[in-house]
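Remember, our numbering sits 1 above the position in the sequence shown when you count from 1.
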Amino acid sequence: MALADKIRNSSILEIQLAGYAWDNFFLLNKSMNTFIAETQEISSKLFIKEQNLESLADAVSNLDNVNLPPLNFELMISSLDRLKSIPLELSLEVAALKQSIKSLEGLEYAFMRRQGALPKLIARAASFFKSFFSKQPEVEG
């Protein structure tokens, strides 16, 4: 992470201004590397039997064994806001990291999947689309 390197090479005062919460980004980086490796290994083995949403839900349930890293989005965003206010030349790196963090917010669906909610929601969506597209349009007379 370019941002981590810049922080590491900053003055003690600038590091103190960034706050202790910055350590969480280093921990996140380590846990995300493990998460990505596990996800890539499992996703390469995913097999969708049929071209429908229910088969997709069955295939996605294989991802249940992936350990999700603990993510504290509020702390990350507040840490980034603090970084923006210090005199380091970090604007591009901070913006890039903030965008990356926002893309992680989709991991909430992994928690839904773990609770068994996602396959049920996909099955309901499949049922809805099947009935919606099987209805004949009403002819106005």
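All C-beta atoms in this analysis are idealised placements derived from N, C-alpha and C, irrespective of residue type, glycine included.
Predicted, not measured: the structure shown is a model, and the values here were computed from it.
In this model, residue 81 and residue 67 are separated by some 27 Å (Cα to Cα). Per DSSP, reduced to three states, the secondary structure at residue 34 is helical.
The C-alpha of residue 39 lies about 16 Å from the C-alpha of residue 60. Taken atom to atom, the span from the alpha-carbon of residue 43 to that of residue 63 is near 7 Å. Put simply, of 96, 127 and 122 the residue whose alpha carbon is nearest the alpha carbon of residue 51 is 127. With a threshold of 16 other beta carbon atoms within 10 Å, residue 123 meets it and is buried. Straight-line spacing of the CA atoms in residue 135 and residue 125 works out to 15 Å.
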